[in-house]
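Student:
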Amino acid sequence: MYEGSISVIKIRNVLLVTVPPDPDDELINQLQERVLQILDQSKAKGVIMDISTVDILDSFFAHTLVETAKMIALMGGRTIISGMNPSVAVTATQLGLTFGDIDTELDVDSALDRMEASED
Amino acid sequence: MITISVKEWERRKHFVQFEEEDITRLKELLPVVEKQVDKVVEQLYENFEAIPELSRILHAEEGRLEKLKRMQRAYFLQLFEGDYGSDYLNNRLKVGMAHHRINLGVDWYLGAYSMYIRLVMPIILDHYKKDPAKGQAAFASAIKIIHLDQDVAISTYLSAREEVIAEQSEEILELSTPVVQLWDGIVAAPIIGTLDSQRTQLFMERLLQTIVDTKSPVALVDITGVPAIDTATAQHLIDTINAVKLLGSTVVITGVSPSIAQTLVHLGIDLSDILTRSSLAEGLKVALKQLNLVMTTKGA
Chain C
7 MYEGSISVIK IRNVLLVTVP PDPDDELINQ LQERVLQILD QSKAKGVIMD
57 ISTVDILDSF FAHTLVETAK MIALMGGRTI ISGMNPSVAV TATQLGLTFG
107 DIDTELDVDS ALDRMEASED
Chain L
2 MITISVKEWE RRKHFVQFEE EDITRLKELL PVVEKQVDKV VEQLYENFEA
52 IPELSRILHA EEGRLEKLKR MQRAYFLQLF EGDYGSDYLN NRLKVGMAHH
102 RINLGVDWYL GAYSMYIRLV MPIILDHYKK DPAKGQAAFA SAIKIIHLDQ
152 DVAISTYLSA REEVIAEQSE EILELSTPVV QLWDGIVAAP IIGTLDSQRT
202 QLFMERLLQT IVDTKSPVAL VDITGVPAID TATAQHLIDT INAVKLLGST
252 VVITGVSPSI AQTLVHLGID LSDILTRSSL AEGLKVALKQ LNLVMTTKGA
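In order, the protein sequence lines correspond to chains C and L. Note that the numbering used here has the first sequence beginning at 7, numbered continuously upward. Note that the numbering used here has the second sequence beginning at 2, numbered continuously upward.
1) Using DSSP's beta-bridge definition, name the partner residues of T110(C).
2) Give the interface partners of V96(C) over in chain L, defined as CB-CB distance under 7 Å, in chain order.
3) Residue ranges of each alpha helix (DSSP H) run of no fewer than 4 residues wholly in the stretch 11-53 of chain L, ordered along the chain?
4) Measuring alpha carbon to alpha carbon, tell me which residue in A61(L), L59(L), V38(L), V181(L) is nearest A75(L).
5) Looking at the structure shown, is K131(L) part of a helix, part of a strand, or coil, going by DSSP?
6) For the beta strand (DSSP E) containing K16(C), list its first residue and its last residue.
7) Let me check understanding here. Comparing Cα to Cα, which of E20(L), I118(L), L248(L), K68(L) lies closest to L112(C)?
8) Among I52(L), T25(L), Y85(L), I24(L), which residue has its Cα nearest to the Cα of E11(L)?
9) Check each residue of the stretch 68-95 of chain C: if its Cβ is closer than 7 Å to any Cβ of chain L, include it; give the result in chain order.
10) With T298(L) as the anchor, note down where its alpha helix (DSSP H) starts and where it stops.
11) Looking only at its own chain, which residues have a Cβ that is under 8 Å from the Cβ of T241(L), when we skip the five neighbours before and after it?
12) Can you name, in chain order, every residue of its own chain whose Cβ lies under 8 Å from the Cβ of R71(L), other than the five neighbours on each side?
13) Quick check on V213(L) - is its C-beta less than 8 Å from some C-beta in chain C?
14) Since V188(L) sits in a beta bridge, which residues does DSSP pair it with?
15) Determine, for T59(C), whether the minimum Cβ-Cβ distance to residues of chain L falls below 8 Å.
16) Once the 5 residues before and after K14(L) are set aside, which same chain residues still bring their CB inside 8 Å of it?
17) For the alpha helix (DSSP H) that L71(C) lies in, which residues bound it at each end?
18) Compare the C-alpha of I86(C) against each of G106(C), E39(C), L101(C), A98(C) and name the closest.
19) Does any residue of chain L bring its CB to less than 8 Å from the CB of T24(C)?
20) Look at the alpha carbon of V33(L) and the alpha carbon of E22(L), and state the distance between them as a whole number of angstroms.
21) Would K216(L) count as contacting chain D if we go by Cβ distances under 8 Å?
22) Put G226(L) into one of helix, strand or coil per three-state DSSP.
23) When the Cα atoms are used, what is the spatial distance from S217(L) to A99(L)?
24) Locate the alpha helix (DSSP H) running through D214(L), then write down its first and last residues.
25) With DSSP as the reference, label V257(L) as helix, strand or coil.
26) In chain order, what residues of the same chain have a beta carbon less than 8 Å from the beta carbon of L90(L), not counting five sequence neighbours either side?
27) What span of residues does the beta strand (DSSP E) with G54(C) cover, start to end?
28) Would you identify the three-state DSSP class for V94(C), choosing helix, strand or coil?
29) Do the stretch 161-173 of chain L and the stretch 50-70 of chain L touch if we need at least three Cβ pairs shorter than 8 Å?
30) Is it buried or exposed, N104(L), if we count other Cβ atoms within 10 angstroms and call 16 or more buried?
31) If contact means a Cβ-Cβ distance below 7 Å, which residues of the stretch 241-270 of chain L contact chain C?
32) Mapping DSSP to helix, strand and coil, what is L281(L)?
33) Where I24(L) and R162(L) are concerned, what is the direct C-alpha to C-alpha distance, given to the nearest angstrom?
34) Measuring alpha carbon to alpha carbon, tell me which residue in E39(C), T99(C), S11(C) is nearest P29(C).
35) Go to L21(C), then tell me how far its beta strand (DSSP E) extends in each direction, as first and last residue.
36) Would I78(C) pass as a contact of L33(C) if the rule is Cβ separation under 8 Å?
See below:
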């Protein structure tokens, strides 16, 4: 029933992933599954996960994002998280949630620019 | 506005040992003071008017003097009317607020009260001149209620001041964390004073919001105005920087003075992952470089 809530769009060599504002754990698990599958099928070089719609980010979601990024790296791809809300960033910092070495960008535009720059 | 609960009022009355017999004694004096009230009030205001500062306040608006005299008369009589419950308390609170409104300082208030006592004392002692012991007791009762009045008045003064202080602290908090856009894609935030957790919260929220609103990849946080840095402040800075990173933006800490650099190293605070520069100007150069911008002299 949640299938339609996550969108994974391929733009040239990049997958753009968007999530609904308040994803539950099941949906977050699906997110990982789908992104990796589509990455495998599409032979994309990188993934941009746009979380600009997300107002509340819990530790499970944060953990899954980091985990997925690591898996993408293992498959030879690059991950950029874009559009994090200021309130989400404040909470994440206060909770001590770390996103490891994942690259972050202000919005999808700049994330695409960065992806392109790294392909050259 | 200040309120004193009835319970608190009773506690204060109990402390000055204001008891039933005081009420009886004061009530007994009512017919005596009623005859003298006009004289006392006139004398009091004659004294006030002799002082230029007070005279200015008394004549600040048309009819104020007459109004004040009327209020003074009622106030004086109420001291002896025998009802010292919540109505009395509320009336006294209003008197305190009125003094505050016309900007009459607590020093004038207390000074005036001393005149008051000197005018009331002979009336009471004169009335009981055949029974000096009773006169003394009645005077003591008057002193108690007068003291309680002063107590309430000073409480209102203090609370009015505290309100002002609270408002100002809030304003300072607002003023002290500006975040400004310096260039397309560059925001700057000068920090003045120390960063406590409350300020950090406000500062962080503002900085992050401005970064998102202006889509700025670089933020310059200037600590020239931070007199000293401790581990807590440093941790707050690091938290802020981490939050900015999550947004996809970079922070450059600027204005790192020699003494702050020394403190940071001595405290063992590791800022090696963070871009730091000694001045805001140097920080701006770093920011421009990151944005692939070049500034040149015209015609050069």
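For every residue, glycine included, the Cβ atom is placed at its ideal position computed from N, Cα and C. Predicted, not measured: the structure shown is a model, and the values here were computed from it.
Tutor: In brief:
1) I87(C)
2) M205, E206, L209, A244
3) 21-50
4) V38(L)
5) It is coil, neither helix nor strand.
6) Counting along the chain, the beta strand (DSSP E) containing K16(C) begins and ends at 13-17.
7) Of all alpha-carbon atoms in E20(L), I118(L), L248(L), K68(L), the one lying nearest the alpha-carbon of L112(C) is that of L248(L).
8) Y85(L)
9) S88, M90, P92, A95
10) In this chain, T298(L) is not harboured by any alpha helix (DSSP H), its DSSP state being neither H nor E.
11) Taken in chain order, the residues that qualify are T201, F204, M205, L208, V222, V252.
12) none
13) yes
14) According to DSSP, which records beta bridges pairwise, V188(L) is partnered with Q182(L), A220(L).
15) With respect to chain L, the C-beta atom of T59(C) has no partner C-beta closer than 8 Å.
16) Cβ within range, chain order: Y85, L149.
17) 65-80
18) G106(C)
19) no
20) Looking at the two C-alpha atoms, the distance is approximately 18 Å.
21) Considering every chain present, this structure includes no chain D. Its protein chains are C and L.
22) strand
23) For the pair S217(L) and A99(L), the Cα-to-Cα distance works out to about 52 Å.
24) 198-215
25) coil
26) I5, V7, W10, V153
27) For the sequence presented, residue 54(C) should be read as Ile rather than Gly. Residues 52-56.
28) Of the three classes helix, strand and coil, the one that applies to V94(C) here is helix, per DSSP.
29) The stretch 161-173 of chain L is not in contact with the stretch 50-70 of chain L.
30) exposed
31) N243, A244, K246, L247, L248, G249, S250
32) helix
33) 33 Å
34) S11(C)
35) 20-24
36) The Cβ atoms of I78(C) and L33(C) do not sit closer than 8 Å to each other.
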